[in-house]
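The opening residue of the sequence shown carries number 40 in our numbering; numbering runs sequentially from there. Virtual Cβ for every residue (Gly too), placed ideally from N, Cα, C. Report on the structure given below.
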Amino acid sequence: MTNPPLDAAIARLAESQHGTIELGQLREVGLTPSGVRNRIAAGRLHRIHRGVYTVG
(Lines of atoms letter the chains of each structure in order from A and count residues from 1; the text may use other names and numbers.)
(Lines give C-alpha, C1' and ligand atoms only; values in the text may rest on other atoms or scores of the structure.)
Protein backbone atom coordinates (compact mmCIF):
# COMPACT_ATOMS: atom_id res chain seq x y z
CA MET A 1 0.00 0.00 0.00
CA THR A 2 1.33 3.44 -0.88
CA ASN A 3 0.88 6.80 0.77
CA PRO A 4 1.22 9.47 -1.96
CA PRO A 5 1.79 12.47 0.38
CA LEU A 6 4.44 10.55 2.32
CA ASP A 7 6.06 9.28 -0.88
CA ALA A 8 6.12 12.85 -2.24
CA ALA A 9 7.82 14.15 0.91
CA ILE A 10 10.44 11.39 0.72
CA ALA A 11 11.04 12.09 -2.98
CA ARG A 12 11.46 15.85 -2.37
CA LEU A 13 14.01 15.30 0.37
CA ALA A 14 15.96 12.72 -1.61
CA GLU A 15 15.94 14.86 -4.76
CA SER A 16 17.58 17.72 -2.87
CA GLN A 17 20.27 15.32 -1.54
CA HIS A 18 21.44 13.55 -4.71
CA GLY A 19 18.83 10.81 -4.35
CA THR A 20 19.76 9.83 -0.79
CA ILE A 21 17.92 10.08 2.51
CA GLU A 22 18.78 9.23 6.11
CA LEU A 23 16.72 7.04 8.39
CA GLY A 24 16.12 9.97 10.75
CA GLN A 25 14.68 12.00 7.89
CA LEU A 26 12.38 9.13 6.93
CA ARG A 27 11.15 9.01 10.53
CA GLU A 28 10.69 12.82 10.62
CA VAL A 29 8.32 12.72 7.64
CA GLY A 30 6.31 9.96 9.31
CA LEU A 31 7.66 6.69 7.94
CA THR A 32 7.49 3.88 10.49
CA PRO A 33 10.11 1.14 10.87
CA SER A 34 7.75 -1.28 9.12
CA GLY A 35 7.26 1.29 6.36
CA VAL A 36 11.03 1.38 5.83
CA ARG A 37 11.18 -2.43 5.70
CA ASN A 38 8.26 -2.56 3.27
CA ARG A 39 9.85 -0.02 0.94
CA ILE A 40 13.16 -1.91 1.02
CA ALA A 41 11.37 -5.18 0.22
CA ALA A 42 9.49 -3.48 -2.64
CA GLY A 43 12.70 -2.02 -4.07
CA ARG A 44 11.68 1.58 -3.38
CA LEU A 45 14.50 2.17 -0.87
CA HIS A 46 18.01 0.75 -1.17
CA ARG A 47 20.39 0.69 1.79
CA ILE A 48 23.81 2.08 0.88
CA HIS A 49 25.18 2.59 4.41
CA ARG A 50 23.79 2.08 7.89
CA GLY A 51 20.89 4.51 8.12
CA VAL A 52 21.38 5.88 4.59
CA TYR A 53 19.22 4.94 1.61
CA THR A 54 18.76 5.77 -2.03
CA VAL A 55 15.24 6.27 -3.30
CA GLY A 56 13.92 4.56 -6.41
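Alpha carbon of residue i to alpha carbon of residue j, nearest angstrom
i     : j     : result
Leu62 : Ala48 : 14 Å
Asp46 : Thr59 : 14 Å
Arg78 : Ser55 : 20 Å
Arg66 : Val75 : 9 Å
Thr71 : His85 : 16 Å
Arg83 : Thr41 : 11 Å
Arg89 : Pro43 : 26 Å
Supposed contact pair residue j and residue i - C-beta distance, whole angstroms, cut 8 Å
i     : j     : result
Val94 : Ala50 : 6 Å
Enumerated in chain order, which unbroken segments of the alpha helix (DSSP H) with a length of 4 residues or greater are wholly contained in the region 52-95?
Taking only runs of at least 4 residues, the alpha helix (DSSP H) segments lying wholly in the region 52-95 are 62-67, 72-80.
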